[in-house]
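Asker: Structure in structure tokens, see below.
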Amino acid sequence: MPRACPFNPPPQYAQLRAETPVRWAELTGGATAWLVTHYEGVRRVLTDPCFSADITHPGFPSTTPELLPALRGNRSFVRMDPPEHSRYRRALIPEFTVRRIEAMRPGIQSVVDAFIDDLLAGVPPVDLVETLAVPVPSMVICQLLGVPYTDHDFFQSSTRTLVSASSSPEQAMSAMRDLHGYLDELIGRKLREPADDLLGRLIARHLEPDGELTRQDLLMTCRLLLTAGHETTANMITLGTVALLENPDQLALLRADPGLLPGAVEELLRYLSIVDYFPARVAVEDVEIEGTRIRSGDGVFALLAAANWDPAMFDAPDRLDLRRGNRRHLAFGNGVHQCLGQNLARLELEIVFRTLFERIPRLRLAVPAERLPYKDDTPVYGMTELPVTW
Ligand code: HEM
């Protein structure tokens, strides 16, 4: 559903939540599914094993039904259920612990400083999407996985084509084939020349015949990490920067007390809810939510942006309040599929916002906020361009 403004969930959500928080609806693309819009209902869908994330189940809902056969044949673990899903999660959890991610702090700080040096060397106005928001998470995920950053133009554009609703099925399929070809070649290279990066370690510890993952499993995992790792954080950086610039009282609070930063990142995650309708599920048993009966085989969308603006959970949810203190947002999902990269995303966002506003204290939008180009044709909301000056 399109947003009227990128900060606010689609206006229909508030009405749905108040009147029919579990509602059968026709989706763009013609399929039908339940839309769940209140906080408790969304959390239930994400945590109750009556709802499956397995895209191969008949009835799994999609806003791009023509791509379903291809997505079913090339699914990553975000579209699987335990115990199949748990194999991947177990292999990856040691790579994403708070301690492991914290050890990346100096490296991420250097990446952020280098891109801000380049940005400051330019003549304002400059585009913050191209100079900072996309390159930082892209380079960080490349370093973590062991993917050459020099290939970023290729995988950024193929990822965008793959997830964009504006792409034709042929374009999306061709982007998927290109990306798979690229990653397969990379895996081949790492098999010949073992490397101490995430992909190298997965190969060494988990690849068949000694391990439990096939080469195809590895490829799908690598695609998921690469795509999930840069599009999301990049959009949080751009939208988060606009949200802070548009709420000068909140930015002033943050400047006065940098200790607010971790809480500020949580509040921005809730307020912006950039991943909204991605968590799709299918009921595998008859189940009731708030008096509404959902039948086995029905598709369900757990709308995260609607849950994160539920006034029953968050007072005045439409207000950006960096001192809110309530961190129970669902921006990273919940249950077994809760975002694997959340510690990394938090760290990147903290470092970027602190460094950006410290090093460029006069940072401001170069065009009025209402003229900024927003994108809502992918399951991750964001901006195509953010002209800033100082
Ligand atoms: C602000 C940035 C991010 C947001 C808002 C976000 C949001 C989410 C959400 C909502 C899910 C759950 C999907 C579902 O239940 O169907 C998810 C899953 C996932 N995310 Fe993130 N994510 C972010 C950053 C990252 C980063 C940086 C990485 C990688 C390094 C990452 C990797 C993943 C993976 C692998 C999953 C699937 C987990 C599973 O199925 O067990 N994410 N993310």
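Quick note: the sequence shown uses the numbering used here, first residue 1, plus one each step.
Note that beta-carbon positions come from the ideal geometry of N, C-alpha and C, so glycine has one too.
(1) State the DSSP-derived secondary structure class of Pro11, mapped to helix, strand or coil.
(2) Helix, strand or coil: how does DSSP classify Thr63 here?
(3) Thinking C-alpha only, which one of Ala234, Thr232, Gln171 and Leu365 is nearest Glu66?
(4) Relative to the C-alpha of Asp118, which residue among Asp298, Thr131, Arg270 and Pro317 is closest?
(5) Taking the alpha carbon of Asp48 as the point to measure from, which residue in Leu320, Val300, Asp151 and Val380 has its own alpha carbon closest?
(6) Taking Ala242 as the reference, which of Leu68, Tyr271 and Asp178 has the closest Cα?
(7) Using a Cβ-Cβ cut-off of 8 angstroms (strictly less than) and excluding sequence neighbours within five positions of Phe224, which residues of its own chain qualify?
(8) Suppose you measure from the CA of Ala133 to the CA of His230; what does that come to, to the nearest Å?
(9) Taking 6 angstroms as the cut-off, is the C-beta of Gly341 nearer than that to any heavy atom in the ligand HEM?
(10) Run the proximity test for Leu260: is its beta-carbon closer than 6 angstroms to any non-hydrogen atom belonging to the ligand HEM?
(11) Along the chain, where does the alpha helix (DSSP H) that runs through Gly181 open and close?
(12) Cβ of Phe353 within 6 angstroms of any heavy atom in the ligand HEM?
(13) Just to confirm the assignment, what range does the alpha helix (DSSP H) spanning Ala121 have?
(14) With DSSP collapsed to three states, give me the class of Arg319.
(15) To the nearest angstrom, how far is the alpha carbon of Glu385 from that of His57?
(16) What number of angstroms, rounded off, separates the C-alpha of Val336 from the C-alpha of Asp376?
(17) Check this for me: beta carbons of Ala366 and Pro125, under 7 angstroms apart or not?
(18) Ignoring anything shorter than 4 residues, give me the alpha helix (DSSP H) runs that lie fully in the segment 23-50, in order along the chain.
(19) Compute the minimum distance between the beta carbon of Pro58 and the heavy atoms of the ligand HEM, and state whether it is under 6 angstroms.
(20) Identify the residues that DSSP records as bridge partners of Arg364: which are they?
(21) Hey, Leu179 and Ser158 are a contact pair by Cβ (cut 8 angstroms); roughly how many whole angstroms apart?
(22) Can you give me the C-alpha to C-alpha distance between Arg189 and Leu207, rounded to a whole angstrom?
(23) Which one of Met139, Leu144, Ala114 and Gln143 has the shortest CA to CA distance from Asp153?
Answerer: Short version:
(1) coil
(2) coil
(3) Gln171
(4) Thr131
(5) Val300
(6) Before going further, note that residue 242 is Val rather than Ala in the sequence given. Minimum Cα distance to Val242 is reached at Tyr271.
(7) First, the residue type needs correcting, since residue 224 is Leu and not Phe in the sequence shown. If we look at Leu224 and ignore the five residues flanking it on each side, its Cβ neighbours are Ser76, Phe77 and Val78.
(8) 9 angstroms
(9) yes
(10) no
(11) Pro169 to Arg192
(12) no
(13) Arg105 to Ala121
(14) coil
(15) 38 angstroms
(16) 27 angstroms
(17) yes
(18) 39-47
(19) no
(20) Thr389
(21) 5 angstroms
(22) 14 angstroms
(23) Met139
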